[in-house]
Amino acid sequence: SGYPTHAPGPPSLPVDAEGLQKQIDELSAFSDTPAPSVTRVLYSDKDVAARRYIKNLMEKSGLSVREDAVGNIFGRWNGNDVGLAAVATGSHIDAIPYSGKYDGVVGVLGAIEAINVLKRSGFQPNRSLEVIMFTSEEPTRFGISCLGSRLMAGSEGLANALKETVDAQNISFFDAARAAGYHIDQEDFRNVFLKDTYSSFLELHIEQGPILEEEGVSIGIVTAIAAPASIKVEFEGNGGHAGAVLMPARNDAGLAAAELALAVEKHVLESGSTDTVGTVGILELHPGAINSIPSKSHVEIDTRDIDETRRNIVVEKIHQSAISIAKNRRVRLSEFKIINQDPPALSAEPIIKAMEHAARQLNLSHKLMISRAYHDSLFMARISPMGMIFIPCYKGYSHKPEEFASAEDIANGVKVLALTLAKLSQS
Ligand code: GLV
Ligand code: MN
Ligand code: MN
Ligand code: MN
16 SGYPTHAPGP PSLPVDAEGL QKQIDELSAF SDTPAPSVTR VLYSDKDVAA RRYIKNLMEK
76 SGLSVREDAV GNIFGRWNGN DVGLAAVATG SHIDAIPYSG KYDGVVGVLG AIEAINVLKR
136 SGFQPNRSLE VIMFTSEEPT RFGISCLGSR LMAGSEGLAN ALKETVDAQN ISFFDAARAA
196 GYHIDQEDFR NVFLKDTYSS FLELHIEQGP ILEEEGVSIG IVTAIAAPAS IKVEFEGNGG
256 HAGAVLMPAR NDAGLAAAEL ALAVEKHVLE SGSTDTVGTV GILELHPGAI NSIPSKSHVE
316 IDTRDIDETR RNIVVEKIHQ SAISIAKNRR VRLSEFKIIN QDPPALSAEP IIKAMEHAAR
376 QLNLSHKLMI SRAYHDSLFM ARISPMGMIF IPCYKGYSHK PEEFASAEDI ANGVKVLALT
436 LAKLSQS
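Every number in mature numbering (1 follows the signal peptide of the UniProt record, and there is no 0) is 15 more than the matching position in the sequence shown, counting from 1.
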């Protein structure tokens, strides 16, 4: 049977907005920095506790819970026809240092609540419905974004790279995973790969930008996700005493890094499009003493564009600048490593239609938009038709403690998600 629509008027979907807000608040307490900031890093004790919290909620909602080798968590509601590919939805709960409590979380707790809503309404899916909590959407610990979904989508490159991947404390990915209770061996990475498992994938997320709030629109329907790239650069010079080494004799690795940061901005602006962005979010100097000329510098660069070719031109220009800066300053470019250089992703037309239909049925204002932030959906799009639902957030704030979305906006997002899941599970 289909979803019980009560004509006339919108279907009544009993979202427990208060309960959901309480869960968001509770989850935010699993943090390594004080409230209102949230810091939850992959495989940390706080991350492990937060994972337990999510699995417990999934079980309370009657979902059967499974975890893969890297800790992607799946909660399944079996449909009438378990032979059909499932409809999946989810997001992440890891949080970058000193961030907020809504990024990702709304799409995990909101997904579980969407399942609860459907169950309360007496709905029975035809295709199975599955909630996914992805491992490490954020690149904080190992420098790799969307680690869980990237692997799920079958990235051989990542499966190989993880064998040698270490964090800033030189703890290997394997050891970190083991400490969190995941015992990974070589074979297991292949078990993480998925194919033909899902007929659709949906992600509910805060916009992380100002458009919906500014325009007073309740729901954003994502048509495409911009293409992200990240680069790690290292310069090495001779260093030396800040008083005794005279200016002509210096080869300052710190100034090379500073010059490269400005070159990133220049190349991004040269693209001529406001869709091109670039950020130097990490710049570290060694030895980091006021009276010592930096002998080593470490720069990490993030650049994105909705147009992949234009983004690739920026990456190439940054590379050329790094080479010429090193030459002119007589420092060594000891590393120029492209960590990831991903193509953009398009939402699937039938899913866009289903989300629009749901918003219309619920009398919620909505608009089509692109996502400038990346999401696990960028990778799920490789193995399943994909769609994303955005909700407004206060001033577009994200990746900082002031991040906020209202309980009402979150509830609206959960309703659109529930209705779209219901629709897609019957088709
Ligand atoms: C997501 O966190 C992003 O950096 O876009
Ligand atoms: Mn984020
Ligand atoms: Mn996110
Ligand atoms: Mn993210």
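Note that CB positions come from ideal geometry on N, CA and C, so glycine has one too. As the structure is a prediction and not an experimental result, all values here were calculated from the model.
How close, in whole Å, do the beta carbons of residue i and residue j come, if the pair is a contact with beta carbons under 8 angstroms?
i           : j           : result
residue 415 : residue 115 : 6 angstroms
residue 274 : residue 293 : In fact, because the Cβ distance is near 15 angstroms, the residues do not count as touching under 8 angstroms.
residue 237 : residue 105 : Going by Cβ atoms, the distance from residue 237 to residue 105 rounds to 15 angstroms, so no, they are not a contact pair.
residue 151 : residue 389 : With 8 angstroms as the limit, residue 151 and residue 389 do not qualify as a contact, their Cβ atoms being about 13 angstroms apart.
residue 221 : residue 121 : 6 angstroms
residue 99  : residue 39  : Their Cβ separation, rounded to whole angstroms, is 32 angstroms, which puts residue 99 and residue 39 out of contact at 8 angstroms.
residue 356 : residue 244 : 4 angstroms
residue 353 : residue 246 : 5 angstroms
residue 404 : residue 219 : 5 angstroms
residue 139 : residue 175 : 43 angstroms between Cβ atoms; not a contact.
residue 48  : residue 111 : Not quite, the Cβ-Cβ distance comes to about 11 angstroms (not below 8 angstroms), so this is no contact.
residue 332 : residue 235 : Contact doesn't hold; Cβ gap of about 32 angstroms is too wide.
Nearest by alpha-carbon distance to residue i: which of the options is it?
i           : options            : result
residue 256 : 213, 306, 237, 234 : 306
residue 127 : 434, 435, 429, 438 : 429
residue 57  : 285, 263, 183      : 183
residue 83  : 156, 148, 418      : 148
residue 223 : 435, 412, 264      : 412
residue 226 : 311, 386, 50, 185  : 386
residue 195 : 419, 423, 63       : 63
residue 283 : 319, 303, 371, 425 : 319
residue 417 : 44, 29, 50         : 50
residue 360 : 347, 395, 329      : 395
residue 87  : 109, 322, 262, 186 : 109
residue 185 : 157, 170, 331      : 157
residue 31  : 203, 130, 302, 174 : 130
residue 205 : 181, 216, 168, 240 : 168
residue 393 : 155, 34, 44, 164   : 164
residue 76  : 347, 146, 111      : 146
residue 269 : 314, 291, 288, 261 : 314
residue 384 : 230, 297, 61, 309  : 230
Please state whether DSSP places residue i in a helix, a strand or coil.
i           : result
residue 354 : strand
residue 117 : coil
residue 243 : strand
residue 249 : strand
residue 429 : helix
residue 76  : coil
residue 435 : helix
residue 108 : coil
residue 318 : strand
residue 168 : coil
residue 149 : strand
residue 443 : As displayed, the chain neither begins before 16 nor continues past 442, which places residue 443 out of reach and without an answer.
residue 187 : strand
residue 375 : helix
residue 27  : coil
residue 5   : Because residue 5 is not part of the residues shown, which for the chain are 16 to 442, the question remains open.
residue 217 : strand
residue 394 : helix
residue 445 : Look at the range of the chain in this structure, 16 to 442, and you will see that residue 445 is not part of it.
residue 34  : helix
residue 16  : Bear in mind that the predicted position of residue 16 carries a pLDDT of just 41, short of 50, making it too unreliable to give a figure here.
residue 413 : coil
residue 45  : coil
residue 159 : coil
residue 334 : helix
residue 442 : coil
residue 301 : strand
residue 344 : helix
residue 198 : coil
residue 420 : coil
Residue i and residue j: beta carbons closer than 8 angstroms?
i           : j           : result
residue 409 : residue 228 : yes
residue 351 : residue 337 : yes
residue 233 : residue 379 : yes
residue 144 : residue 399 : no
residue 91  : residue 79  : yes
residue 53  : residue 59  : no
residue 271 : residue 316 : no
residue 433 : residue 132 : yes
residue 344 : residue 266 : yes
residue 210 : residue 251 : no
residue 162 : residue 85  : yes
residue 242 : residue 358 : yes
residue 424 : residue 406 : yes
residue 187 : residue 28  : no
residue 239 : residue 421 : no
residue 326 : residue 291 : yes
residue 192 : residue 199 : yes
- [ ] Please write down, chain order preserved, every residue whose beta carbon lies under 5 angstroms from a heavy atom of ligand 3.
- [x] 118, 119
- [ ] Please write down, chain order preserved, every residue whose beta carbon lies under 5 angstroms from a heavy atom of ligand 1.
- [x] Going along the chain, the residues that qualify are 388, 389.
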